[in-house]
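Below is one structure, written out as structure tokens; comments come after it.
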Amino acid sequence: MYYEEITIDHLDKLAELYVETFNSEPWNDEWTVCTAKKRLHQMINTEDSFGLCAYQGGNMCGAILGCMEQFYHKIMFNIKEFWVKNGMRGHGVGTQIFSEFEKRLKEKQVGQIILFTSKGDFTEHFYHKQDMKSNPHMIFMEKEL
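Numbering of the sequence shown is given in my numbering, commencing with residue 28 and proceeding in unit increments.
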């Protein structure tokens with residue numbers, strides 16, 4: 028697997044994979060390529076945005092995207108989106124992407140990862156396996172780096 032830092036040049040391919048992923052089980056959303064491009068464009072153009080595209084066999088198989096946010100004593104990274112190609116989830120691809128991402132965030136002096144995710148389904152379970160903890164009052168997870 029190899030990785031590229033997300034730029035606006037990745038937008039078309041990211042949007043296609045995003046729609047394919049989130050319009051399928053278990054989310055069953057109703058994204059169009061146009062609405063996905065708009066959302067991802069907004070995220071990519073956010074100040075201190077950072078993300079990775081993952082490739083296997085020359086094909087994009089996943090992506091993770093968010094932004095760094097300064098807090099008074101550390102930099103937090105807010106993961107906004109993380110998705111893995113249909114048929115590849117449950118085979119360690121997401122864990123590999125998350126591990127590489129975490130390594131790169133540490134190089135950027137990020138001290139904490141935060142995110143919101145669906146409570147009680149396989150996404151929360153995935154993040155637990157990445158040593159993130161659920162907040163008992165919200166669907167909010169965090170990890171100190």
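C-beta: ideal position from N, C-alpha, C; glycine also.
What you are looking at is a predicted structure, and each value in this text was computed from that prediction instead of being measured.
Checklist entry - Between which two residues does the alpha helix (DSSP H) containing residue 71 stretch? => result For the purposes of this step, residue 71 is taken as the residue at position 44 of the sequence shown. Where residue 71 is concerned, the enclosing alpha helix (DSSP H) stretches over 60-71.
Item to check | Nearest residue (CA-CA) to residue 85, options 31, 56 and 68 | outcome: The sequence position of residue 85 within the sequence shown is 58, counting from 1. That would be 31, whose Cα lies nearest to the Cα of residue 85.
Checklist entry - Is the region 60-70 touching the region 119-137 in the sense that three or more CB pairs, one from each, lie closer than 8 Å? => result no
Checklist entry - Looking at the unbroken beta strand (DSSP E) that takes in residue 30, where does it start and where does it end? => result Along the sequence shown, read from residue 1 onward, the residue named residue 30 stands at position 3. Residues 29-32.
Checklist entry - Does the beta-carbon distance from residue 83 to residue 28 come in below 8 Å? => result By one-based count along the sequence shown, residue 83 stands at place 56. By one-based count along the sequence shown, residue 28 stands at place 1. Result yes, Cβ atoms of residue 83 and residue 28 sit closer than 8 Å.
Next on the checklist: Considering only their Cβ atoms, is the gap separating residue 172 from residue 138 smaller than 8 Å?
Outcome noted: Indexing the sequence shown from 1 puts residue 138 at position 111. Indexing the sequence shown from 1 puts residue 172 at position 145. Cβ distance < 8 Å, so residue 138 and residue 172 count as in contact.
Checklist entry - The beta strand (DSSP E) spanning residue 109 covers which residue range? => result In the sequence shown, residue 109 corresponds to position 82, counting from 1. That run of the beta strand (DSSP E) goes 102-111.
Next on the checklist: Using 8 Å for Cβ pairs, my map puts residue 44 next to residue 90. What's the rounded Cβ distance?
Outcome noted: Within the sequence shown, the letter at position 17 stands for residue 44. Within the sequence shown, the letter at position 63 stands for residue 90. Residue 44 to residue 90, Cβ: 7 Å. Contact.
Item to check | Opposing strand residues paired with residue 45 [DSSP bridges] | outcome: The residue given as residue 45 occupies position 18 in the sequence shown. According to DSSP, residue 45 bridges with nothing at all.
Next on the checklist: On the CB-based measure, 16 or more other CB atoms within 10 Å of its CB, does residue 100 come out buried or exposed?
Outcome noted: Translated into the one-based positions of the sequence shown, residue 100 becomes position 73. Exposed.
Next on the checklist: I need the boundaries of the beta strand (DSSP E) containing residue 134, first residue and last residue.
Outcome noted: Locating residue 134 in the sequence shown gives position 107, where the first residue counts as 1. Element bounds for residue 134: not the beta strand (DSSP E) but the alpha helix (DSSP H), 120-134.
Checklist entry - Looking only at C-alpha atoms, which of 35, 52 and 34 sits nearest to residue 112? => result Taking the sequence shown and counting its residues from 1, one reaches residue 112 at position 85. Selected option, being the one with the closest Cα: 52.
Checklist entry - Name the DSSP beta bridge partners of residue 174, please? => result In the structure as shown, the chain starts at 28 and stops at 172, and residue 174 therefore has no counterpart that could be examined.
Item to check | DSSP bridge partner residues for residue 89 (one or two, in chain order) | outcome: In the sequence shown, the residue the question calls residue 89 occupies position 62. Its beta-bridge partners are 81 and 111.
Checklist entry - Looking at C-alpha atoms only, which residue of 116, 114, 136 and 88 is the closest neighbour of residue 98? => result Translated into positions along the sequence shown, residue 98 becomes position 71. Checked all of 116, 114, 136 and 88; the closest Cα to residue 98 is 136.
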